[in-house]
Structure formats: C-alpha cells, structure tokens
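Chains as they are written, first to last, in the working numbering: chain A, 1 to 114; chain B, 1001 to 1113.
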C-alpha cells in the first residue's frame, strides 16, 4: 500500500480483556515505531523495531504490553488484561532509515476500555 | 532527559495572514533532528517540515518555514498565507540518534475566514 495501515481503526474492549493492534508499514521501511497518544496530549514513545529486532521497549508502560515484528514487516501491539488507563490512540509509524529520517504515521487505533 | 515544550496551547490566525508557533527543547546532544507535524481531526500525523541540527540553514517547505536557533534551543514554525486547511494540532518533535520522536503537547491552530 501507499501508506502505513493500522487496524482496527476503533476497538472497544471490556476491562480485563486482551487486545491486539496491527500495523502494516510502508514496504521496505526498516524502522517501525509505536506511540500512545492520550486525549489532548502529544504522542509518547512505546517501542522501536529495526527490521525484526526490537531495539528499544523502554516506553512500554507495563509488562502487560508486548510488541512483535517477526518477519520485519507487519507489527502487532498486544495489551493483556486491559485497564481503563490503557484507553488512548495507538499510533504506528515507519521510516526508511534507521535514524533521523522522517516518520510516516498511520491513522491510529482508538482503544476504549469500558 | 530530552524534553520539548510548546508554550502556546491555542493560536488563531486570519486567513492569508502569517502565524508563528513556538517550540523550545532541552538536550545535551549535538546531533539530533527536529520536526513539525500536523494532526488534523482525522488523527493522521503529517510531516510538515524537518531540520537537521548540524545544518545552520533554516528549512523551508513552500508556505512553511522554521527559525532554528541552536544555541537558544528554539525551533519555531512560521506559516505564511494561512489557509483554512492549515487548521489542526501542530506538534513539535525532537529525535536523537536512535530515531524515536519526543513530542511537545501541541498547539491547536484555528484559521478564521
């Protein structure tokens, strides 16, 4: 595809359920980033992949959050035992370069935990 | 730790006029990148302009230009000939060697017809 694709666009889950958010980056992009954006705030970094290697997961808020990119393309962000504070927009971005290059963002997944 | 500060939560400009959005940042590194992103209500972050810290020349992209003051750690965005489609949240962002972005809290820009 032409851009970064994220699915689903909206996700509603009950507290305690597990959710999986998908990101399909631009073909050939080396770097992939996940961000969490709370309402009215700027995005905050969660984790970073260079190809299939997860080089930085320092932004993941707890061990309930897990991300993978097994073949260096599509990535999945999984949240286990969801809590209300997990409600946010989750943005995925990809970049052709490993550092400093412009990041291209998807439309995000709005996650609401009831 | 690096931080990005946008001191203007909201700004307003008349169509066809010029507006400047402020951004300051804090870092001890000498090699980094600065960005302005636009986020309309549709949520997609759109890159407006990018500046490499080692370049002294200010970046420009059509009606958008920056005033990069490295010593003062300031990176303001100037939008000339404002258009209705420029209305959005604008985020200033910093990137160090690894590449993840650190964002400010954003400035909501309104454009009046």
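Every residue, glycine too, gets a C-beta built ideally from N, C-alpha and C.
Given the structure is predicted, the values throughout are model-derived calculations rather than measurements.
- Per DSSP, the beta bridge partners of residue 1004(B) are 1025(B).
- Between residue 4(A) and residue 92(A), the gap from beta carbon to beta carbon is short of 7 Å.
- The closest CA to that of residue 104(A), considering only 110(A), 94(A), 98(A), 113(A), is found on 94(A).
- For residue 1059(B), the number of other beta carbons within 10 angstroms of its own is at least 16, and it is reported as buried.
- Beyond the five residues adjoining it in sequence on each side, residue 1095(B) comes within less than 6 Å, by CB distance, of 1033, 1101 in the same chain, given in chain order.
- Per DSSP, reduced to three states, the secondary structure at residue 63(A) is coil, with no helix or strand assignment.
- Shown here for residue 1035(B): same chain residues with a beta carbon closer than 6 Å to its own, the five before and five after excluded, namely 1050, 1093 in chain order.
- Counting C-beta pairs with one atom in each stretch, the stretch 1012-1021 of chain B and the stretch 67-82 of chain A have fewer than three that are closer than 8 Å, which means they do not touch.
- With the criterion set as a beta carbon lying under 9 Å from some beta carbon of chain A, the members of the stretch 1030-1050 of chain B are 1031, 1032, 1033, 1035, 1037, 1039, 1042, 1043, 1044, 1045, 1046, 1047, 1050, in sequence order.
- Runs of the beta strand (DSSP E) lying entirely within the stretch 1025-1103 of chain B and spanning at least 3 residues, in chain order: 1033-1039, 1046-1052, 1064-1069, 1074-1079, 1088-1095, 1101-1103.
- Residue 1025(B) holds the alpha-carbon nearest to the alpha-carbon of residue 1068(B) among 1013(B), 1016(B), 1025(B), 1017(B).
- Distance from the CA atom of residue 45(A) to the CA atom of residue 34(A), rounded to whole angstroms, is 6 Å.
- The beta-bridge partner set that DSSP reports for residue 104(A) consists of 94(A).
- Contact with chain B is absent for residue 22(A), since none of that chain's Cβ atoms lies less than 7 Å from the residue's Cβ.
- With respect to the 7 Å criterion, residue 110(A) and residue 76(A) are not classified as neighbours on the basis of their beta carbons.
- At least 7 Å separates the CB of residue 1058(B) from every CB of chain A.
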